[in-house]
Amino acid sequence: MSSPEIASLSWGQMKVKGCSTTYKDCKVWPGGSRTWDWRETGTNVSRFGMSPELETPPPLWAASSSALPPSKSRISSLCLDGISYIQHSPGVQPADLEEVVKKGVKTVVIGRGMSEALQVPPSTVDYLKKNGIDVLVLQTEKAVAEYNALAAQGVKVGGVFHSTC
2 MSSPEIASLS WGQMKVKGCS TTYKDCKVWP GGSRTWDWRE TGTNVSRFGM
52 SPELETPPPL WAASSSALPP SKSRISSLCL DGISYIQHSP GVQPADLEEV
102 VKKGVKTVVI GRGMSEALQV PPSTVDYLKK NGIDVLVLQT EKAVAEYNAL
152 AAQGVKVGGV FHSTC
């Protein structure tokens with residue numbers, strides 16, 4: 002079986018060729034795909050570089066933008082001047098990848114999000130390498146492009162992709 006092409010990607014939406022489901026985040030492997038909730042293995046959302054008292058970005062905001070600080074509801078997606086103020090930690094765990102590994106993949110591509118907020122600890126990379134699997138950890142748009150290129154070459158590639166921050 003071949004790895005399905007990721008047909009489209011935009012903020013919060015992914016489509017896999019041959020599948021009618023629109024995913025927010027997904028797992029893919031040769032012959033299939035499914036929705037993926039990275040929180041199911043204990044990853045949480047945390048603000049990085051935020052002032053918890055004010056729930057506003059650090060002074061960098063005022064220095065780099067003339068806009069008003071975002072409302073509390075928008076802070077979760079803040080990325081300013083290439084700096085993400087959100088972290089998903091501890092991030093992608095070996096348990097998130099077990100299903101994909103069991104499908105016999107040779108390479109796993111991990112998409113960390115549009116602003117790379119989703120962390121990938123060294124233990125996850127070590128898990129894959131110990132199983133003889135190549136791993137690529139990239140910003141999600143780059144990850145999808147690399148995944149699709151490998152799939153088009155016939156590589157048994159799988160992946161997990163986060164389509165927002």
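Counting along the sequence shown from 1, when you hit position 94 you're at 95 in this note's numbering, and nothing is skipped either side.
Using N, Cα and C, we set each Cβ at its ideal position, and we do this for glycine too.
Selected residue, minimal CA-CA separation from residue i, among the options
i: Val30; options: Leu98, Arg113, Pro123 and Asn132; result: Before going further, note that residue 30 is Trp rather than Val in the sequence given. Minimum Cα distance to Trp30 is reached at Leu98.
i: Gly33; options: Gln140, Gly43, Thr22 and Thr42; result: Thr22
i: Lys16; options: Pro123, Asn149, Gln154 and Pro91; result: Asn149
i: Val136; options: Gly155, Cys166, Ser164 and Val101; result: Val101
i: Trp12; options: Leu129, Gln140 and Ser124; result: Gln140
i: Gly92; options: Val121, Val110 and Asp127; result: Val121
Continuous beta strand (DSSP E) stretch holding residue i: start and end
i: Ser9; result: Ile7 to Ser11
i: Met15; result: Gln14 to Val17
i: Cys27; result: Asp26 to Trp30
i: Ser3; result: That residue, Ser3, is in no beta strand (DSSP E); it is neither H nor E in DSSP.
i: Val167; result: The displayed coordinates of the chain run from 2 to 166. Any statement about residue 167 would go beyond what the structure contains.
i: Gly160; result: Val158 to His163
i: Arg35; result: Gly33 to Thr36
Nearest-angstrom beta carbon gap, residue j and residue i [assumed within contact, 8 angstroms]
i: Lys28; j: Trp37; result: 4 angstroms
i: Gly159; j: Val106; result: 4 angstroms
i: Ile111; j: Val138; result: 5 angstroms
i: Leu4; j: Thr44; result: A quick correction: the sequence has Ser, not Leu, at residue 4. Rounded, the Cβ-Cβ distance is 25 angstroms, inconsistent with contact.
Nearest-angstrom Cα separation, counted from residue j out to residue i
i: Glu147; j: Ala118; result: 19 angstroms
i: Leu79; j: Met115; result: At Leu79, the pLDDT of 47 sits below 50, so the modelled position is not reliable; the number obtained from the coordinates is stated separately. If you take the alpha carbons of Leu79 and Met115, they lie about 11 angstroms apart.
i: Lys104; j: Leu10; result: 23 angstroms
i: Tyr24; j: Glu142; result: 15 angstroms
i: Phe162; j: Met2; result: 20 angstroms
i: Leu81; j: Arg35; result: Low confidence applies here, because Leu81 scores a pLDDT of 46, under 50, leaving its location unreliable; read the following figure in that light. When rounded, the distance between both Cα atoms is 31 angstroms.
i: Gln94; j: Thr42; result: 7 angstroms
i: Lys131; j: Ser124; result: 10 angstroms
i: Ala96; j: Asp127; result: 13 angstroms
i: Ala153; j: Cys166; result: 27 angstroms
i: Leu151; j: Ala8; result: 14 angstroms
i: Gly155; j: Ser164; result: 24 angstroms
i: Glu6; j: Lys157; result: 12 angstroms
i: Thr108; j: Gln14; result: 23 angstroms
Proximity test, residue i beta-carbon vs the ligand ATP heavy atom, cut-off 8 angstroms
i: Arg40; result: Absence of the ligand ATP is noted for the structure shown, with no ligands found whatsoever.
Run of the alpha helix (DSSP H) containing residue i, from where it starts to where it stops
i: Val101; result: Pro95 to Val102
i: Ser124; result: Pro123 to Lys131
i: Thr141; result: Thr141 to Ala153
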